Amino acid sequence: QLQIINNSIKLAFYRSKMSREEVADCYCEISQAFSRNPDLKMQTLFALCAEHKQQQNFAEAGMCLVHCVVTIIEHMQQTDFEKFSCIIRDISKELFFQEWKFQDRTEIDRIIFFNQYGENKKLFSETTLVQRLKEALAAFLNAELYESSILVGKQLVYIGERFRMYTDLIFFHQQMSEAFRLISKAEENGMRFLGTYYKVGFFGKNKIPNLHNKSFIYKEFKLTKLGEITDRLKLDLIRQIGESVVIQIITDSGIVNTELLDDDVIYLQITHIEPYFTNEDLQQRMSIYHRNTKVSTFAFQTPFTTSGKKYGSINEQCKRVTQLTIFGESFPSIRTRILVQKSEIFQLSPIQNAVEIIGTQTNKLKSQVLIFYPNLNELQMLLQGAVKTTVNEGPLAIAKAFLDPTKPPTNETEANDQAILVKQLTELGEVCGEAVDRCDYIIRTNHKLDMLPFHEELQKGFDEFAEGLKQLNIIVKRKE
4 QLQIINNSIK LAFYRSKMSR EEVADCYCEI SQAFSRNPDL KMQTLFALCA EHKQQQNFAE
64 AGMCLVHCVV TIIEHMQQTD FEKFSCIIRD ISKELFFQEW KFQDRTEIDR IIFFNQYGEN
124 KKLFSETTLV QRLKEALAAF LNAELYESSI LVGKQLVYIG ERFRMYTDLI FFHQQMSEAF
184 RLISKAEENG MRFLGTYYKV GFFGKNKIPN LHNKSFIYKE FKLTKLGEIT DRLKLDLIRQ
244 IGESVVIQII TDSGIVNTEL LDDDVIYLQI THIEPYFTNE DLQQRMSIYH RNTKVSTFAF
304 QTPFTTSGKK YGSINEQCKR VTQLTIFGES FPSIRTRILV QKSEIFQLSP IQNAVEIIGT
364 QTNKLKSQVL IFYPNLNELQ MLLQGAVKTT VNEGPLAIAK AFLDPTKPPT NETEANDQAI
424 LVKQLTELGE VCGEAVDRCD YIIRTNHKLD MLPFHEELQK GFDEFAEGLK QLNIIVKRKE
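My numbering puts the sequence shown at residues 4 to 483.
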């Protein structure tokens, strides 16, 4: 109860000085505290949904509505719960960090609940359920999360068919059809941006004690630049503390030594980060959508060399990878800021860095090769980056730098790294061969003869790439 009172007071009296992330955190904490009062929980989530819509955070608004849907179904009478519990399973499997755990409630509990809420029973009816699902579908469409809107649409179709809502079914199918059309268009032009992520570290022992030495993942709107989020956070702090506050930006992305900081100054460390996936994860996350949903791990890279310079030649270029993890939830969520709970730093040797570069290229090519209608322009661009590089640091240059037959490995670790690199290069070569064949097929079947000269250049580049690998005892097999 104290948590509800404290956050309600903040929203009532201090809202004008709070950042939008702090407002969302208050609503989140209130909704969690109302876990035993589902009607108040839904009211809180709906209020948070309105906040997100006002700020055009439609993905987060959709997630709020999905949480309302789950709450409605959980508190339906037993017979209705059995009808609709499959909706919770489908939605939580695709959209939540982990599958939803149902509350253990007996039929007697449900009867007591319905007697207690009386007139509010309509909040937990099929009508309200359908209304919230409709709103979620619209929110996800606005967020360009078309696949999520289709998932919600399927639940509406399930309900519509069960209750013979034929007029509504026409609308549901039309909305899903529009979502499929928009996915097709987005895949064709490659222009879908689902958010930009930043790690923001706060330091200021005397000025912001509640945030001092904490780091958060911020999800920003589409292509938000570093300067834009920096200016916004500065304005938030000035509004909260006063114009006399001194704010400094820490430009280095490394670990901050707090002992060297002035306790009366606020320091912000803002670093652009990307969702992080292992090569195994990427095999399951081929599309832009799947690489921007259920994301809980992020990373940023810091290049360095053994000589002390930031950049160097291929065989001396190292990389420091900082991996950030959040637990219990993932993006998109019902809020746009989540506390970093785990931070790990990994150092990659030059050959390990090379393995990662080759693996990234392979996965990007696969994401186009394995879809039914690949984007020809993007496919050719990715292929060019692999087999027709204009700089001397393409895959073939990497292979020559680390797999010289005249220089055998000096230890077991080096031998293992070389074996992994050979495997990655073999896979890249095979995927490049498939990409060349797909490009040829698309150009000839769609009569895009103006693109044929560039394709022939890529074909020549691939042949040279395959021949170069062959000289290093790496055989690229073409699929028949």
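Here a beta-carbon is modelled for each residue, glycine too, at the ideal position from N, C-alpha and C. Just so it is clear, the structure is predicted and the values come from calculations on it, not from any experiment.
Residue i versus residue j: straight-line alpha-carbon distance, rounded
i                 : j                 : result
glutamine 421     : glutamine 474     : 16 Å
phenylalanine 224 : lysine 480        : 43 Å
glutamine 344     : isoleucine 329    : 5 Å
glutamate 332     : tyrosine 30       : 16 Å
glutamate 415     : phenylalanine 307 : 24 Å
glutamine 134     : leucine 172       : 13 Å
valine 439        : leucine 461       : 7 Å
alanine 142       : proline 335       : 13 Å
isoleucine 111    : serine 346        : A caution first: isoleucine 111 carries a pLDDT of 48, below 50, which makes its placement in the model too unreliable to give a value.
lysine 391        : lysine 13         : 59 Å
alanine 389       : glutamate 147     : 30 Å
cysteine 52       : valine 72         : 13 Å
leucine 327       : tyrosine 201      : 11 Å
asparagine 318    : isoleucine 276    : 26 Å
proline 411       : lysine 237        : 55 Å
valine 358        : lysine 322        : 12 Å
glutamate 63      : isoleucine 478    : 48 Å
glycine 296       : glutamine 178     : It is threonine, not glycine, that sits at residue 296 in the sequence shown. About 21 Å.
isoleucine 90     : lysine 125        : 19 Å
alanine 189       : glutamate 85      : 37 Å
arginine 235      : phenylalanine 465 : 47 Å
asparagine 476    : alanine 400       : 15 Å
lysine 463        : alanine 404       : 22 Å
glutamate 98      : threonine 47      : Before going on, a small fix: residue 98 reads as leucine here, not glutamate. So the two alpha carbons sit approximately 20 Å from each other.
glycine 245       : lysine 20         : 10 Å
glutamine 158     : isoleucine 186    : 19 Å
glycine 471       : arginine 340      : 48 Å
glutamine 4       : arginine 39       : 11 Å
glutamate 459     : phenylalanine 61  : 44 Å
leucine 342       : isoleucine 374    : 36 Å
isoleucine 445    : serine 180        : 25 Å
isoleucine 406    : serine 310        : Checking the displayed sequence, the identity of residue 406 turns out to be leucine instead of isoleucine. The straight-line gap from Cα to Cα measures roughly 22 Å.
glutamate 122     : aspartate 42      : Note that glutamate 122 scores 48 on pLDDT, short of 50, meaning its location in the model is unreliable; the coordinates nonetheless yield the value given after this. One C-alpha to the other measures close to 11 Å.
Residue range of the unbroken beta strand (DSSP E) whose run includes residue i
i                 : result
lysine 222        : 217–223
phenylalanine 457 : Premise fails: phenylalanine 457 lies in the alpha helix (DSSP H), 455–473, not in any beta strand (DSSP E).
lysine 485        : Nothing in the structure corresponds to residue 485, since the chain is present only between 4 and 483.
isoleucine 3      : Any answer about residue 3 is impossible in this case: the structure gives the chain only from 4 up to 483.
glutamine 134     : Note, glutamine 134: premise wrong, no beta strand (DSSP E); alpha helix (DSSP H) at 129–145.
Minimum C-alpha distance to residue i - residue among the options
i                : options                        : result
glutamine 272    : Ile252, Met45, Met289          : Ile252
leucine 368      : Asn318, Pro456, Val434, Val324 : Val434
glutamine 350    : Pro212, Gln134, Gln320         : Gln320
asparagine 145   : Gln58, Leu43, Val372           : Gln58
lysine 228       : Leu238, Ile211, Ile244, Thr199 : Thr199
arginine 441     : Cys52, Lys426, Leu382, Glu150  : Leu382
leucine 264      : Thr296, Tyr376, Ile220, Gly207 : Gly207
phenylalanine 49 : Ser38, Arg39, Ala36, Val69     : Val69
isoleucine 220   : Val203, Pro212, Thr305         : Val203
alanine 418      : Ile354, Gly65, Asp28, Gln158   : Ile354
asparagine 192   : Leu5, Tyr161, Gln371, Thr409   : Gln371
arginine 288     : Val425, Asn366, Ser299         : Asn366
glycine 315      : Val324, Glu283, Asn356, Thr325 : Asn356
isoleucine 348   : Ala15, Ile258, Asp407, Asn449  : Ile258
valine 298       : Thr409, Leu379, His55, Lys222  : Lys222
Whole-angstrom C-beta distance between residue j and residue i, which should lie under 8 Å
i              : j                 : result
leucine 214    : phenylalanine 205 : 4 Å
isoleucine 232 : valine 249        : Rounded, the Cβ-Cβ distance is 19 Å, inconsistent with contact.
leucine 3      : valine 155        : Lying outside 4 to 483, the shown extent of the chain, residue 3 is not represented and no answer is given.
lysine 217     : aspartate 267     : Their Cβ separation, rounded to whole angstroms, is 18 Å, which puts lysine 217 and aspartate 267 out of contact at 8 Å.
serine 152     : leucine 140       : 5 Å
glutamine 239  : serine 22         : Residue identity check: residue 239 is aspartate in the sequence provided, not glutamine. Yes, aspartate 239 and serine 22 are in contact; Cβ-Cβ is about 4 Å, under 8 Å.
glutamine 427  : glycine 362       : 5 Å
arginine 338   : alanine 27        : 4 Å
alanine 302    : threonine 281     : Rounded, the Cβ-Cβ distance is 11 Å, inconsistent with contact.
glutamate 150  : tyrosine 292      : 5 Å
isoleucine 7   : alanine 36        : 5 Å
The alpha helix (DSSP H) enclosing residue i, as first and last residue numbers
i                 : result
isoleucine 252    : Looking at the DSSP string, isoleucine 252 is not in any alpha helix (DSSP H); the run it does join, the beta strand (DSSP E), is 250–252.
phenylalanine 405 : 398–405
aspartate 28      : 23–36
arginine 39       : From DSSP, arginine 39 is part of no alpha helix (DSSP H); its letter is neither H nor E.
valine 358        : 353–372
glutamine 421     : 415–448
glycine 230       : 229–244
glutamate 381     : 379–390
asparagine 213    : No alpha helix (DSSP H) holds asparagine 213; DSSP gives it neither H nor E.
Chain D within 8 Å of residue i, Cβ atoms only
i             : result
threonine 448 : Absence of chain D from the displayed structure is noted, only one protein chain being present.
Inset, instruction - Identify every run of the beta strand (DSSP E) within the stretch 264–347, keeping only runs that are complete inside it and at least 3 residues long; order them along the chain. - result: With a minimum length of 3 residues, the unbroken runs of beta strand (DSSP E) contained wholly in the stretch 264–347 fall at 269–278, 300–308, 320–328, 340–342.
Legend entry - alpha helix (DSSP H) runs wholly inside the stretch 163–202, at least 4 long, in chain order: Taking only runs of at least 4 residues, the alpha helix (DSSP H) segments lying wholly in the stretch 163–202 are 169–192.
Legend entry - alpha helix (DSSP H) runs wholly inside the stretch 53–90, at least 4 long, in chain order: Uninterrupted alpha helix (DSSP H) stretches at least 4 residues long and entirely within the stretch 53–90 occur at 61–77, given in chain order.
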